[in-house]
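J.: Following my numbering, the numbering of the sequence shown begins with 1 at its first residue and continues without gaps. Backbone N, C-alpha and C fix where the C-beta goes; we use that ideal spot for every residue, glycine too.
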Amino acid sequence: MSDELKEYSKLLERVLSRFPELSREELEAMVEAKMRESSLLNKVGALLLVAEELGAFREELGETAASQPIQAYTKIMKLVPGLRDVSVRGVIYAISKPIEVRNHRIMRMKIG
1 MSDELKEYSK LLERVLSRFP ELSREELEAM VEAKMRESSL LNKVGALLLV
51 AEELGAFREE LGETAASQPI QAYTKIMKLV PGLRDVSVRG VIYAISKPIE
101 VRNHRIMRMK IG
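1. Quick check: the Cα distance between residue 89 and residue 52, rounded to an integer number of angstroms?
2. Do residue 4 and residue 42 come within 8 Å of each other at the CB atom, strictly closer than that value?
3. For residue 101, which of helix, strand or coil comes out of DSSP?
4. Which full runs of the alpha helix (DSSP H) of 4+ residues lie inside the stretch 13-51, going along the chain?
5. For residue 40, which residues from the same chain have a beta carbon less than 8 Å from its beta carbon, with the 5 sequence-adjacent residues on both sides left out?
6. Once you ignore the five residues that flank residue 28 on each side, which residues in its own chain have a CB closer than 7 Å to its CB?
7. Along the chain, where does the beta strand (DSSP E) that runs through residue 94 open and close?
8. Using the C-alpha atoms, what's the distance from residue 109 back to residue 96?
9. Check this for me: beta carbons of residue 8 and residue 44, under 8 Å apart or not?
Here's what the structure looks like:
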């Protein structure tokens with residue numbers, strides 16, 4: 001089993017545990033729909049986007065914290081390795097054409 005497939009399976013189980021009313025087939029259909037929207041997404045990326053839309057990772061601290069999301073702002077250049085949940089919000093000023101590096105598609109964006 002490839003690393004990407006292991007990561008996908010682990011993430012899929014995590015999302016399903018947060019939403020017991022959602023079946024595996026429904027979630028995988030949402031992932032496939034997200035992948036059709038963008039040819040640059042792999043299964044893990046599409047699942048992460050679906051999970052974020054569902055609110056799966058907004059708060060895992062308990063019921064009281066769920067009503068008050070934690071927000072902190074910093075410059076992108078000050079981010080450090082090992083962060084587990086980072087959302088980036090900004091304005092896209094330029095997008096380069098996609099290139100392929102080691103079987104991964106990469107698109108550079110200039111944001112501000």
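T.: Once the coordinates are examined:
1. 14 Å
2. yes
3. strand
4. 24-37
5. 98, 105, 107
6. none
7. 92-95
8. 6 Å
9. yes
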